[in-house]
Amino acid sequence: MMSKQINKKSKIVPAVLLLFAFVFVISTFSDGCRQSEKQVVHQLAPVEKDSLWKAPELSEIHSNTDSGKLIKYGYELIANTAFYFGPKGIIAHSTNGMNCQNCHLKAGTSSYANNFSKVYSTYPIYRARNNSIQTIYDRINDCFERSMNGKTLDSSSHEMKAIYAYMKWLGANIPHGTKPKGNGIIKLPYLDRAANPATGKIIFTANCQTCHGKNGEGLLNTNGNGYTFPPLWGKHSYNDGAGIHQLTKFAAFIKENMPFGVDWKHPLLKDEEAWDIAAFVNSQPRPHNDNRNDWKDFTKKPIDYPFGPYADTFSEKQHKYGPFKPIEQQHKNENKSN
């Protein structure tokens, strides 16, 4: 009798211990899952749609008002610049045929694709490149002169007023002096080497040539008055004064928005591939912009600005292709000593 009770207890004790162990494991696993979930939520928080600036809808514009008509015309000028100002433009033949939205995707409304969300809230602003305070009108004309290798607009023209009205409308709800999430582009980590144009050519051929052409000539639309896909070099492309001619900007733009249809949340290319493509494209011939009046203070030049003189001893080639880490480190050391 006693022996049977002991045997029964001996079976119960391991069973209880096993149950406790099971509960402990499940509890630990659940805690771990909750902790992992918190980490994942924390990591994803910055990329949630609601945390980013969202452009107002064009349908919200009151088209029957003068201000509404002006805003919509501004949108048209950004989306179809070549139709109005390209080589076959109906207003003037004053640009290379590219559209503003070739660099400012979806007419400046797409996240991390050089959108216009911060323009109205941050301008006028001092820009070291221009050695002066710039207005929105000045900034627009910078793009007309450099990115579209064209002529400036009269700041009092109907077209300039329309572009200004559109940008004001896009940024009307942004507090003055602030930059909303999703503006600009997300900077890529620097490579430990120089970006390689030769490697970039191979990657360009595999991923970019279909749209932009074997010789970077782009693809004209059916009317021949603008580009469905813009030229990346040659006489109809951006000149060497355009912001996108700086490698850090172009590589990041490529990574987050190219090939066509890709966005920053679902990139196709690796960082190093984007750097090498940018190096290849920017090594190709294009119109030259007179930069003699830019960056009077050499210490303010970005480390990837491809034209000297510089306030450091690094070569023009290294400033164009990298590696950028040594340049950045020297600048940091000098700033500390000053």
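In our numbering, the protein residues as written are 2 to 339.
We put the CB at the ideal spot given by N, CA and C, even for glycine.
Worksheet item: Cα separation between G227 and W234?
Response: 15 Å
Worksheet item: Alpha carbon to alpha carbon, what distance is there between G242 and W296?
Response: 12 Å
Fill in: For T123, three-class secondary structure by DSSP
helix
Worksheet item: In terms of alpha-carbon separation, which member of F230, S112, H159 and I141 lies closest to G183?
Response: S112
Worksheet item: Would a check of beta-carbon distances place G219 closer than 8 Å to chain B?
Response: In the structure shown, chain B does not exist; there is a single protein chain.
Worksheet entry | Boundaries of the alpha helix (DSSP H) in which F205 is found, first to last residue | P198 to N208
Discussion item. What does the alpha-carbon distance come out to for the pair R35 and H267?
Written reply: At R35, the pLDDT of 35 sits below 50, so the modelled position is not reliable; the number obtained from the coordinates is stated separately. Those two C-alpha atoms are separated by around 26 Å.
Practice prompt. Look up Y228 in the DSSP assignment and give the residues it is bridged to.
Written response: L221
Worksheet item: Comparing alpha-carbon positions, which option in F299, H289, I255 and T314 lies nearest D115?
Response: For clarity, residue 115 is Asn in the given sequence; the question names Asp instead. Ranking F299, H289, I255 and T314 by Cα distance to N115 puts I255 first.
Item to complete: Taking 8 Å as the cut-off, decide whether the C-beta atoms of K73 and S64 are in contact.
Response: Yes; because the gap between Cβ atoms is below 8 Å, this pair is in contact.
Practice prompt. Can you have a look at L220 and say buried or exposed, based on whether 16 or more other CB atoms are within 10 angstroms of its CB?
Written response: exposed
Fill in: Residue environment, H349, which counts as buried when at least 16 other CB atoms sit within 10 Å
As shown, the chain starts at 2 and ends at 339. That puts residue 349 outside it, with no answer to give.
Worksheet item: Leaving out the 5 sequence neighbours to the left and right, which residues in its chain are closer than 6 Å to F117 when beta-carbon positions are compared?
Response: Scanning its chain for C-beta atoms nearer than 6 Å, with the 5 sequence neighbours on each side dropped, one finds around F117 the residues G109, M168 and L171, in chain order.
Discussion item. Quick check on R147: does DSSP put it in helix, strand or coil?
Written reply: coil
Worksheet item: Where does S133 sit, in a helix, a strand or coil, going by DSSP?
Response: If DSSP states are grouped into helix, strand and coil, S133 belongs with the strands.
Discussion item. For E273, report the span of its alpha helix (DSSP H) as first-last.
Written reply: D272 to N283
Worksheet item: Just reading off the alpha helix (DSSP H) that T249 is part of, what are its end residues?
Response: Note, T249: alpha helix (DSSP H), L248 to N258.
Practice prompt. Look at T123 and K180 and say whether their C-beta atoms are less than 8 Å apart.
Written response: yes
Fill in: Spatial distance of Q319 from E58 (CA atoms)
43 Å
Discussion item. Which of the three DSSP states is assigned to R287 in this structure?
Written reply: coil
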